[in-house]
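Only one structure is covered here, and it is reproduced in the block below.
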Amino acid sequence: ELVKFCKYVLSRFFTLAASNNKAYVELLFWKNIATIREMTEGYRTDDESGESKKGPTWSSEEEEELETLYLRFKEEQGGMYCIWVISEYIPHQVCD
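Numbered per the UniProt record's numbering, the sequence shown spans residues 1 to 96.
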């Protein structure tokens, strides 16, 4: 029965590999059910999935405030330390 099962699994894989040339590369990585579904049913873009990976958008007022604070503190603090000082002036929920 094990030989029969192996033949079945390999035949399914080679059938999939005939239509999906990425199947061989996909074997190198651990998969979850969602990834396997994408392999068998076709890969989709973020637009098709309905999920947005973008973070929250900033209003023009928030962007302007950030730029003003950056210009104010960049010469005083310099480099990355400027970001820490600016984060104290921006409302906490924006920084999270």
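The beta carbon of each residue, even a glycine, is placed where N, CA and C say it ideally should be. Bear in mind that the values here come from a model prediction, so they are computed numbers and not experimental data.
Euclidean distance between Cα positions of residue i and residue j
i          : j     : result
ILE33      : GLU65 : 45 Å
LEU28      : GLY42 : 18 Å
TRP30      : THR68 : 47 Å
GLU61      : LEU10 : 59 Å
residue 99 : CYS6  : Residue 99 lies beyond the residue range present for the chain, which begins at 1 and ends at 96; the question has no answer from this structure.
Minimum C-alpha distance to residue i - residue among the options
i     : options                    : result
ASN21 : LYS4, CYS6, LYS7 and THR40 : THR40
LEU71 : LEU2, ARG37 and ILE86      : ILE86
Nonlocal neighbours in the same chain, by C-beta distance under 6 Å from residue i, ignoring five residues either side
i     : result
LEU16 : ALA23
TYR89 : LEU69
Contacts around residue i, its chain only, beta-carbon distance under 8 Å, and the 5 residues preceding and following it disregarded
i     : result
PHE73 : CYS82, VAL85 and ILE86
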